[in-house]
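Take a look at the structure set out below.
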Amino acid sequence: MNERPKKSSTVTKNPAKVNTQQEKRRYSARKINFVVSSTQWLKVTQDFEDLRRVTIQLFDLNEHSFPI
Numbered sequence: 004m005n006e007r008p009k010k011s012s013t014v015t016k017n018p019a020k021v022n023t024q025q026e027k028r029r030y031s032a033r034k035i036n037f038v039v040s041s042t043q044w045l046k047v048t049q050d051f052e053d054l055r056r057v058t059i060q061l062f063d064l065n066e067h068s069f070p071i
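Going by our numbering, the sequence shown opens with residue 4, and the numbers climb by one from there.
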């Protein structure tokens, strides 16, 4: 019987490729800012590669100024 060689469970990634993917992800997102109340504002980031992936961050206006 011919046995197949076992595959390694660890996958090594090319660091240059990972960096380019991270750069692509950084620039392929839609960012929208909302004023929620007099003391808070909201930042919503949607990834263009996966439109279901949304990051929501809530900021306090006293600590983080609203971007203009």
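Note that the Cβ used here is the ideal one computed from N, Cα and C, for glycine as well. Every value quoted in this text rests on a predicted model; they were computed, and no experiment measured them.
Check: Across which residues does DSSP place residue 50 in a beta bridge pair?; Outcome: 32
Check: With distance defined between alpha-carbon atoms, name the residue in 47, 37 and 48 nearest to residue 64.; Outcome: 37
Check: Can you tell which of 41, 47 and 40 has its C-alpha closest to the C-alpha of residue 34?; Outcome: 47
Check: Starting from residue 58 and walking both ways along the beta strand (DSSP E), at which residues does that stretch end?; Outcome: 57-63
Check: Would you say residue 52 touches the ligand NAP, meaning its beta carbon is less than 7 Å from a heavy atom?; Outcome: This structure simply doesn't include the ligand NAP, nor any ligand for that matter.
Check: Any idea which residues DSSP pairs residue 69 with across the strands?; Outcome: According to DSSP, residue 69 bridges with nothing at all.
Check: Do you know offhand how far residue 60's Cα is from residue 71's?; Outcome: 17 Å
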